[in-house]
Amino acid sequence: MFVNGEKKEKRQSCNTRAEIGDFRRGIKAISVLVSFALVVVVLLSAVERSTSAPHKAHSFQHFHGPVEGEGVEVVWKDKHGHEHVDYKAHPKYKFSYGVEDHHTKDFHGQKEHRDGKDVAGEYTVHEPGGNVRTVKYHADHHGGFHAIVHNSGGNDHSGGTYAGHGHS
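Now the structure itself:
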């Protein structure tokens with residue numbers, strides 16, 4: 001619009017409460033859309049970073065037990081070509097345990113020793129019919145697993161009885 005030869009800009013103004021309400025709702029809608037767009041951008045950038053960043057996986061275990069010698073670093077790649085590092089040590093241990101429960105007639109035990117890939121041991125079970133089963137085993141990297149089963153003491157095949165918890 002021109003007044004006295006000068007160009008004047010015409011301002012639009014809200015004259016009614018309805019127009020003011022419409023204006024505020026429009027601003028609020030724009031604000032919600034901008035906030036939503038910002039959240040989408042942040043989420044997409046996080047996904048993009050997680051899929052394109054080089055995977056540097058690190059795993060380390062402190063051995064507080066049945067091992068011997070220094071830990072050895074083992075490097076391997078998964079099916080996606082990502083490199084992983086882990087550590088292992090030479091396993092070496094001996095253990096044994098036994099149960100002698102005269103109330104339940106439960107008698108069994110085991111002992112085992114390991115040095116690297118070689119394992120040997122035995123376990124014993126007193127069966128309800130009177131038989132004592134002893135299994136001696138050994139395993140190594142070359143020959144695999146071998147077990148010898150020995151039964152002694154006979155077996156009346158009755159299956160025995162158990163009246164646990166004081167019931168007959």
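Per the UniProt record's numbering, the sequence shown starts with residue 1, numbered consecutively. Cβ coordinates follow ideal geometry from the N, Cα and C atoms, glycine included.
Residue i (DSSP reduced to helix, strand or coil)
i: Gly71; result: strand
i: Thr124; result: strand
i: Asn151; result: strand
i: Thr134; result: strand
i: His142; result: coil
i: His113; result: strand
i: Gly98; result: strand
i: Lys92; result: strand
8 Å Cβ cutoff met for residue i and residue j
i: His138; j: Val119; result: yes
i: Val74; j: Tyr93; result: no
i: residue 174; j: Glu122; result: A query on residue 174 cannot be resolved here, the shown segment of the chain reaching from 1 to 168 and no further.
Alpha-carbon to alpha-carbon, residue j and residue i
i: Asp115; j: Pro91; result: 6 Å
i: Asp140; j: Lys105; result: 35 Å
i: Val125; j: Val99; result: 10 Å
i: Arg133; j: Lys111; result: 14 Å
i: His150; j: Lys79; result: 46 Å
i: Gly71; j: Ala89; result: 4 Å
i: Asp101; j: Ala147; result: 27 Å
i: Gly144; j: His113; result: 16 Å
Supposed contact pair residue j and residue i - C-beta distance, whole angstroms, cut 8 Å
i: Gly109; j: Tyr97; result: 6 Å
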